[in-house]
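Colleague: Taken in order, these protein sequences are the chains called G and C.
The opening residue of the first sequence carries number 1 in the working numbering; numbering runs sequentially from there.
The opening residue of the second sequence carries number 255 in the working numbering; numbering runs sequentially from there.
First, the structure itself, so that you have it in front of you.
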Amino acid sequence: MSDLMQISEVTVDFGGVRALSNVSFSVEQGEFLGLIGPNGAGKTTLLRAIIGTVTPQSARFMLFGRDIARLPTYRRARLGLAMTHQIVKPFHSMTILDNVALAAGHRRIANALWAMSSFSRSAERRRAMGLLESVGIADIADKSVVGQPMGVLKRLEVARALAMDPKLLLLDEPLAGLNHVEAARLADTVAGINREGMTVLMIEHNLGEILRVSHRLVVLDNGYKIADGHPVEVMQDQAVRTAYVGKEKKDAAS
Amino acid sequence: MGIYEISLATMICINIILAVGLNMITGFCGQISLGHAAFYGIGAYCAAMVAKAGASLPVSLLMGLVMAGIVGVIVGLTSLRVREDFLAIVTMGVGFLFVGVVRQQEALGGELGISSIPSHGMGKLGFLALVLFLAALVTAFSLLIKRSWMGFAFDAVADDEDTASILSVDVTAYKLAAFAMGTAMAGLAGGLYAYFARFIVPDDFGFIPSITVLCMVAVGGVGSVFGVVIATVILTLMPEFFRFISDYKLFVYGALLFAVMRFAPEGLAGSARSLVHAIQSKGGDG
Numbered sequence: 001m002s003d004l005m006q007i008s009e010v011t012v013d014f015g016g017v018r019a020l021s022n023v024s025f026s027v028e029q030g031e032f033l034g035l036i037g038p039n040g041a042g043k044t045t046l047l048r049a050i051i052g053t054v055t056p057q058s059a060r061f062m063l064f065g066r067d068i069a070r071l072p073t074y075r076r077a078r079l080g081l082a083m084t085h086q087i088v089k090p091f092h093s094m095t096i097l098d099n100v101a102l103a104a105g106h107r108r109i110a111n112a113l114w115a116m117s118s119f120s121r122s123a124e125r126r127r128a129m130g131l132l133e134s135v136g137i138a139d140i141a142d143k144s145v146v147g148q149p150m151g152v153l154k155r156l157e158v159a160r161a162l163a164m165d166p167k168l169l170l171l172d173e174p175l176a177g178l179n180h181v182e183a184a185r186l187a188d189t190v191a192g193i194n195r196e197g198m199t200v201l202m203i204e205h206n207l208g209e210i211l212r213v214s215h216r217l218v219v220l221d222n223g224y225k226i227a228d229g230h231p232v233e234v235m236q237d238q239a240v241r242t243a244y245v246g247k248e249k250k251d252a253a254s
Numbered sequence: 255m256g257i258y259e260i261s262l263a264t265m266i267c268i269n270i271i272l273a274v275g276l277n278m279i280t281g282f283c284g285q286i287s288l289g290h291a292a293f294y295g296i297g298a299y300c301a302a303m304v305a306k307a308g309a310s311l312p313v314s315l316l317m318g319l320v321m322a323g324i325v326g327v328i329v330g331l332t333s334l335r336v337r338e339d340f341l342a343i344v345t346m347g348v349g350f351l352f353v354g355v356v357r358q359q360e361a362l363g364g365e366l367g368i369s370s371i372p373s374h375g376m377g378k379l380g381f382l383a384l385v386l387f388l389a390a391l392v393t394a395f396s397l398l399i400k401r402s403w404m405g406f407a408f409d410a411v412a413d414d415e416d417t418a419s420i421l422s423v424d425v426t427a428y429k430l431a432a433f434a435m436g437t438a439m440a441g442l443a444g445g446l447y448a449y450f451a452r453f454i455v456p457d458d459f460g461f462i463p464s465i466t467v468l469c470m471v472a473v474g475g476v477g478s479v480f481g482v483v484i485a486t487v488i489l490t491l492m493p494e495f496f497r498f499i500s501d502y503k504l505f506v507y508g509a510l511l512f513a514v515m516r517f518a519p520e521g522l523a524g525s526a527r528s529l530v531h532a533i534q535s536k537g538g539d540g
């Protein structure tokens with residue numbers, strides 16, 4: 001498999017706190033890569049640095065051999081990056097369907113002048129409906145996003161990201177807040193999309209699901225990468241057990 | 255129609271152009287502006303100077319529109335760095351800056367303003383027809399933008415800039431487009447006002463007109479073109495029909511702004527929508 005994105009030497013400081021220290025790994029074309037680590041490990045920060053909403057102190061993000069680390073977020077999105085948020089961020093003034101339809105029309109809004117003279121939303125709404133069906137919330141497509149349960153909004157985030165036709169899908173804890181049936185179903189949906197060729201980088205705390213669906217795991221702890229490899233081997237790694245599982249066991253014991 | 259009614263109708267149409275322009279910036283794109291009258295003033299002064307230099311009506315109006323739009327884009331650049339309440343302060347500063355600078359310029363007539371602006375030469379009724387046509391044009395254009403994909407992207411920018419950019423919206427371009435279009439409309443309104451009044455002073459374009467036009471947008475319902483047009487008509491007529499309001503205009507507008515924000519943040523348009531909704535659901539139940 002060839003590299004889709006090479007993430008090299010990412011360092012992010014927030015004030016005096018170092019959130020990420022020299023993190024490097026690559027994302028291969030077509031793989032399902034899980035990004036795990038205890039709370040505060042820097043996973044979300046890393047995802048946000050890749051999409052461009054956090055500015056790293058230093059980093060290189062080679063997407064198909066081109067460094068995108070200096071590009072503004074909207075240009076990274078146009079090059080094929082899409083991201084879902086851990087804390088959902090739907091557009092409150094729109095229906096569920098239009099949240100996705102806007103993303104489905106990303107080519108129409110690329111140029112403001114063209115967007116001005118472009119009116120029909122029906123093709124994008126059809127596409128959005130298909131995506132809402134694939135995540136299982138098509139029946140409430142015309143409802144406002146206000147007041148929807150977390151399970152719906154999480155799936156809306158995934159559908160909206162897919163509508164961007166991304167080459168690399170960045171998912172930040174898409175399963176959090178879902179019950180285990182919903183979580184397994186959404187994980188299956190994402191795994192299905194991955195089987196069709198989409199490269200996925202997913203942060204997840206739900207270890208059962210991430211071990212089930214991902215091909216490879218990268219583990220962060222305290223801003224450092226401490227492991228990178230096959231999920232089963234990674235989970236047997238001593239450093240990972242101490243940093244991740246060990247801590248939880250200690251927590252459980254106490 | 256008497257001269258009084260004609261001039262009142264003309265003023266309503268000018269205010270509609272002004273308010274629909276601000277609605278583009280504040281309503282569609284979510285960028286608050288407390289200095290909209292500065293662009294109204296730029297249009298008025300520019301058109302007046304050009305007209306006095308001998309230019310024809312269309313040329314003067316166009317110059318006012320273009321000049322206000324250019325300055326609008328420059329002010330719009332600040333909206334890229336500051337947001338929400340900070341942007342409100344910045345735009346308010348722009349409003350004061352405009353009045354402050356114009357007052358000191360001998361070439362612009364200083365405190366005394368510009369008088370004996372050439373006549374448009376089309377008669378009061380003819381001018382009203384022109385202003386009415388332009389107000390209809392601006393309103394139609396605004397409705398078209400709202401329905402277009404540009405309007406869709408504006409909704410996203412107004413809701414959440416960061417998420418919009420993740421969905422590949424070039425937030426910078428859209429904000430500047432909103433400022434350019436909205437302030438150009440204000441410039442057009444200013445040019446029309448200069449021809450209508452034929453005498454302008456800096457205070458015509460100060461803080462109070464800025465708040466008045468913001469009031470029209472807020473009362474109408476931020477983002478709703480029809481709501482804004484209706485509110486503009488009502489708020490322009492109100493001080494005329496109730497003379498005592500004229501003396502307490504600022505007080506009434508302030509109280510109105512407060513009441514709308516507190517009790518009906520979506521303005522007339524929002525209240526009408528919930529009323530229709532309530533009637534429909536009642537009808538459905540019965």
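Ideal placement from N, C-alpha and C gives every residue a C-beta, glycine not left out.
What does G:G105 reach in chain C if we use C-beta pairs closer than 9 angstroms?
Modeller: Position 105 of the first sequence holds residue 105 of chain G. The answer, in chain order, is W403, F406, A407.
Colleague: Enumerate in chain order the residues of its own chain whose CB-to-CB distance from C:V514 is below 7 angstroms, with the five nearest sequence positions on each side excluded.
Modeller: For this step, residue 514 of chain C is matched to residue 260 along the second sequence. Only A472, V473, G521 meet the Cβ criterion.
Colleague: Can you check DSSP and say which residues form a bridge with G:Q148?
Modeller: As a working note, residue 148 of chain G is residue 148 in the first sequence. None, per the DSSP bridge assignment.
Colleague: Going by beta carbon distance, what residues of the same chain come within less than 6 angstroms of G:M202, once the five residues before and after it are set aside?
Modeller: Start at 1 with the first residue of the first sequence, and residue 202 of chain G comes out as number 202. These residues qualify, in order along the chain: G34, L171.
Colleague: Return yes when the Cβ of G:H106 is within less than 8 angstroms of the Cβ of G:M164, no when it is not.
Modeller: Counted from its first residue, the first sequence places residue 164 of chain G at position 164. Counted from its first residue, the first sequence places residue 106 of chain G at position 106. The answer is yes: Cβ separation under 8 angstroms.
Colleague: Please classify C:A545 as buried or exposed, where buried requires at least 16 neighbouring CB atoms within 10 angstroms.
Modeller: In the structure displayed, chain C extends from 255 to 540; residue 545 of chain C sits before or after that span and is not available.
Colleague: Which chain G residues are close to C:V425, counting only those with a beta carbon under 8 angstroms from its beta carbon?
Modeller: In the second sequence, residue 425 of chain C corresponds to position 171, counting from 1. Residues of chain G passing the Cβ test: Y74.
Colleague: G:T84 lies in the alpha helix (DSSP H); which residues open and close that run?
Modeller: If you number the first sequence from 1, residue 84 of chain G lands on position 84. G:T84 -> no alpha helix (DSSP H), and no H or E assigned at all.
Colleague: Is the number of C-beta pairs between the region 368-378 of chain C and the region 386-397 of chain C that are closer than 8 angstroms three or more?
Modeller: Inter-segment contact for the region 368-378 of chain C and the region 386-397 of chain C is absent: fewer than three beta-carbon pairs are separated by less than 8 angstroms.
Colleague: Over what stretch of residues does the beta strand (DSSP E) that includes G:Q57 continue unbroken?
Modeller: Within the first sequence, residue 57 of chain G is the residue found at index 57, counting from 1. Where G:Q57 is concerned, there is no enclosing beta strand (DSSP E), given that its DSSP letter is neither H nor E.
Colleague: Where do the N-terminal and C-terminal ends of the alpha helix (DSSP H) with C:V423 fall, by residue?
Modeller: Against the second sequence, residue 423 of chain C aligns to sequence position 169. In the DSSP assignment, C:V423 falls outside any alpha helix (DSSP H) and carries neither an H nor an E.
Colleague: For chain C, check one thing: does any of its Cβ atoms lie closer than 8 angstroms to the Cβ of G:T53?
Modeller: For this step, residue 53 of chain G is matched to residue 53 along the first sequence. True, the Cβ-Cβ gap to chain C drops below 8 angstroms.
Colleague: Taking 8 angstroms as the CB-CB limit, is G:A253 close to chain C?
Modeller: Indexing the first sequence from 1 puts residue 253 of chain G at position 253. Low confidence applies here, because G:A253 scores a pLDDT of 48, under 50, leaving its location unreliable; read the following figure in that light. Chain C, which has no Cβ nearer than 8 angstroms to the Cβ of G:A253, makes this no.
Colleague: Consider the Cβ of C:L391: report whether some Cβ of chain G lies at a distance smaller than 8 angstroms.
Modeller: Here residue 391 of chain C is taken as the residue at index 137 of the second sequence, counted from 1. Answer no: the Cβ-Cβ gap between C:L391 and chain G never drops below 8 angstroms.
Colleague: Going by the CB atoms, is the gap between G:F32 and G:T215 shorter than 8 angstroms?
Modeller: As a first step, residue 215 of chain G is located in the first sequence; it is residue number 215 there, counting from the start. As a first step, residue 32 of chain G is located in the first sequence; it is residue number 32 there, counting from the start. Residue 215 of chain G is actually His in this sequence, not Thr. Yes. Within cutoff.
Colleague: Between G:L63 and chain C, is any beta-carbon pair separated by less than 8 angstroms?
Modeller: Residue numbering aside, residue 63 of chain G sits at position 63 when the first sequence is read from its first letter. Not closer than 8 angstroms to any Cβ of chain C, the Cβ of G:L63 fails to qualify, so no.
Colleague: Following the continuous beta strand (DSSP E) through G:E9, name the residue where it begins and the one where it ends.
Modeller: Counted from its first residue, the first sequence places residue 9 of chain G at position 9. First-last of the beta strand (DSSP E) with G:E9: 3-14.
Colleague: Taking DSSP as the reference, what is the three-state secondary structure of C:R335?
Modeller: The residue labelled residue 335 of chain C in the question sits at position 81 within the second sequence. The three-state secondary structure of C:R335, taken from DSSP, is coil.
Colleague: In whole angstroms, what is the alpha-carbon distance linking C:R497 and G:M150?
Modeller: Locating residue 497 of chain C in the second sequence gives position 243, counting from the first residue. Locating residue 150 of chain G in the first sequence gives position 150, counting from the first residue. Using only the alpha carbons, I get a separation of about 54 angstroms.
Colleague: Mind listing which residues of the region 116-142 of chain G have their C-beta closer than 8 angstroms to chain C's C-betas, in chain order?
Modeller: Of all residues in the region 116-142 of chain G, M116, S117, S118, F119, R121 have a Cβ within less than 8 angstroms of some Cβ in chain C.
Colleague: Who are the neighbours of G:S144 on chain C, taking C-beta pairs under 7 angstroms?
Modeller: The residue you call residue 144 of chain G lines up with position 144 of the first sequence. Here the premise fails: no neighbours, minimum Cβ distance about 12 angstroms.
Colleague: Just how far apart, CA to CA, sit C:G540 and C:Q534?
Modeller: Along the second sequence, one-based indexing puts residue 540 of chain C at 286. Along the second sequence, one-based indexing puts residue 534 of chain C at 280. Since pLDDT at C:G540 reaches only 40, below the 50 mark, its modelled position is unreliable, and the value read off the structure follows with that caveat. When rounded, the distance between both Cα atoms is 10 angstroms.
Colleague: Quick test of the definition: if touching needs 3 or more C-beta pairs under 8 angstroms, does the region 429-445 of chain C touch the region 330-337 of chain C?
Modeller: yes
Colleague: Against G:A69, what residues of chain C qualify as contacts under a CB-to-CB distance less than 7 angstroms, listed in chain order?
Modeller: Against the first sequence, residue 69 of chain G aligns to sequence position 69. The contacting residues do not exist; G:A69 stays about 16 angstroms from chain C at best.
Colleague: Check distances from the C-beta atoms of the region 516-531 of chain C to those of chain G and list, in chain order, the residues that come in under 7 angstroms.
Modeller: Shown here is that no member of the region 516-531 of chain C has a Cβ falling below 7 angstroms from a Cβ of chain G.
Colleague: Relative to the C-alpha of C:F323, which residue among C:H290, C:Y502, C:G508, C:A305 is closest?
Modeller: For this step, residue 323 of chain C is matched to residue 69 along the second sequence. Note that residue 323 of chain C is Gly in the sequence shown, not Phe. The shortest C-alpha separation from C:G323 is found at C:H290.
Colleague: From C:G477 to C:L362, what distance separates their C-alpha atoms?
Modeller: In the second sequence, the residue the question calls residue 477 of chain C occupies position 223. In the second sequence, the residue the question calls residue 362 of chain C occupies position 108. Distance from the CA atom of C:G477 to the CA atom of C:L362, rounded to whole angstroms, is 35 angstroms.
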